[in-house]
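A.B. asks: Okay, so the sequence shown: first residue is 1137 according to our numbering, each after it adds one.
Note that CB positions come from ideal geometry on N, CA and C, so glycine has one too.
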Amino acid sequence: MGNSESTAEMHRIFNNAADVYDQSGVEFFGPIGRRLVEFSGIGAGQSVLDVGCGRGAVLFPVAEATGKSGEVIGIDLAEEMVKYAEGGARERGLGHVTTRVMNGQQPDYPAGRFDAVIGGFSVFIWTHGSAELKPYRELLRPGGTFAASAPSFFPTSTGKWGFLPEDVHDLLLPHMTQPKDGDAYDCPFTNIHNNWLVTPEAVESTLTGAGFVDTEVVEEDLPLTVESGAQWVRWTRSHGMRRLWDRLSEQDAEELAAEVARRLDALRGDDGVITLPTPIVYMKARAPRD
Ligand SMILES: C[S@@+](CC[C@H](N)C(=O)[O-])C[C@H]1O[C@@H](n2cnc3c(N)ncnc32)[C@H](O)[C@@H]1O
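1) Buried or exposed for Ser1293, going by 16 or more other Cβ atoms inside 10 Å?
2) So, with DSSP's three-state summary, where would you put Trp1332?
3) Could you say which of Asp1306, Ala1397, Ala1180 lies nearest to Gly1203 if we only look at CA atoms?
4) Measuring CB to CB, does Met1238 end up less than 8 Å from Ala1154?
5) Answer with buried or exposed for Asp1186, where buried requires no fewer than 16 other C-beta atoms within 10 angstroms of its C-beta.
6) Between which two residues does the alpha helix (DSSP H) holding Pro1167 run?
7) State the Cα-Cα distance for the pair Val1349 and Val1184, rounded to the nearest angstrom.
8) In chain order, what residues of the same chain lie with their CB nearer than 7 Å to the CB of Leu1403, ignoring the 5 residues before and after it?
9) Report all residues from its chain with a CB closer than 8 Å to the CB of Phe1298; omit the five preceding and five following residues, and keep chain order.
10) Using only the alpha-carbon positions, how far apart do Leu1269 and Ser1385 sit?
11) To the nearest angstrom, how far is it from the Cα of Ala1346 to the Cα of Pro1271?
12) By the three-class DSSP mapping on this structure, what secondary structure does Arg1425 have?
13) Is Gln1387 near ligand 1, judged by its Cβ being under 7 Å from some heavy atom?
14) Could you tell me the boundaries of the alpha helix (DSSP H) in which Phe1325 lies?
15) Just the Cα atoms here: how many angstroms apart are Ala1462 and Leu1400?
16) Taking the alpha-carbon of Leu1230 as reference, which of Ala1247, Pro1197, Ile1211, Gly1256 has the nearest alpha-carbon?
17) Throw me the rounded Cβ distance for the Phe1175 and Tyr1418 pair, which I believe falls under 8 Å.
18) Express the C-alpha separation of Ala1397 and Glu1391 in angstroms, rounding to a whole number.
19) CA-CA distance, Phe1250 and Asp1406?
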């Protein structure tokens, strides 16, 4: 599952992003985390593993859903992310939450340990198919729930990647998809049109191939709002998309950012903000009962 170079790179990217992650003032991971927990149906008293917990966008709502009679463990590869998740759990008085630095590709727990395994904008990064999802099914008790969110890779009616605003899609896509020399990062972002998330059917059959049953996949637009095009650019620099900018020279990045900001500013509505409907995929499935 994965390879050591790409895992090391993920570790570097997210450790470096931790201080600014989800801090750009743009509401994104919070609403998606809350929606994923609601969609998952996880309830009171359950034992849950949050894989790739980051700063806690899923961890905290899931801890609310289980209540103190439940147990929630958040794991993440990046120790800087785990520090924030741990601090947030303590601030919120969530005594039933624990966090650990752990590679989610090899979760170190016994089979059948959890009622639910959840991954918000995480598991999709390092999975390429059924084989890599199987470990999450094995961690579940019979009938247990797997739930995850991801940027939607379903093509738009114009064949574009809907996660990028249409007006800047062609400007940015080449930098998302073309790894530079020696680039070890291998994830769906470098294969926008050919990965296990390209259609609802592909997602369902990947889950089924991992041994899950009762699959459900939905795509929903998150109305992402920003005050300016520059704020959208800052937001892209505050999470995994920061790699797009890292690939460019400082001058090229500056020029591209200015053009992206200019095009997005032109979309400002009468309400004074720029609203960018951003398609998100939510998936859930169950471990078989016998
Ligand atoms: C886009 S963030 C999502 C974080 C959080 N779930 C949220 O919704 O805000 C992806 C997270 O996955 C973590 N991650 C990346 N590769 C990982 C791996 N192999 N094992 C565990 N966590 C990993 C990153 O460190 C990062 O915190």
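C.D. replies: Reading it off the structure:
1) Of the other Cβ atoms in all chains shown, fewer than 16 fall within 10 Å of the Cβ of Ser1293; this residue is therefore exposed.
2) If DSSP states are grouped into helix, strand and coil, Trp1332 belongs with coil.
3) Answer by Cα proximity: Ala1180.
4) With contacts defined as CB atoms closer than 8 Å, Met1238 and Ala1154 fail to qualify as a contacting pair.
5) Asp1186 should be labelled buried.
6) Residue range 1165 to 1176 is occupied by the alpha helix (DSSP H) that includes Pro1167.
7) Rounded to whole angstroms, Val1349 to Val1184 spans 19 Å at the Cα level.
8) Correct list, in chain order: Asp1303, Ile1410.
9) It is Gly, not Phe, that sits at residue 1298 in the sequence shown. So the qualifying residues of the chain are Ser1288, Phe1290, Pro1291, Thr1292, Thr1414, Pro1415.
10) In a straight line, the C-alpha of Leu1269 is about 36 Å away from that of Ser1385.
11) Cα to Cα, Ala1346 sits roughly 8 Å from Pro1271.
12) Arg1425: coil per DSSP, three-state reduction.
13) For ligand 1, not one heavy atom lies less than 7 Å from the Cβ of Gln1387.
14) Run containing Phe1325: none; DSSP gives neither H nor E here.
15) The question about residue 1462 has no answer here: the residues shown for the chain are numbered 1137 through 1426.
16) Nearest C-alpha to Leu1230: Pro1197.
17) Yes, they are in contact, since the Cβ atoms of Phe1175 and Tyr1418 sit about 5 Å apart, within 8 Å.
18) About 10 Å.
19) The straight-line gap from Cα to Cα measures roughly 48 Å.
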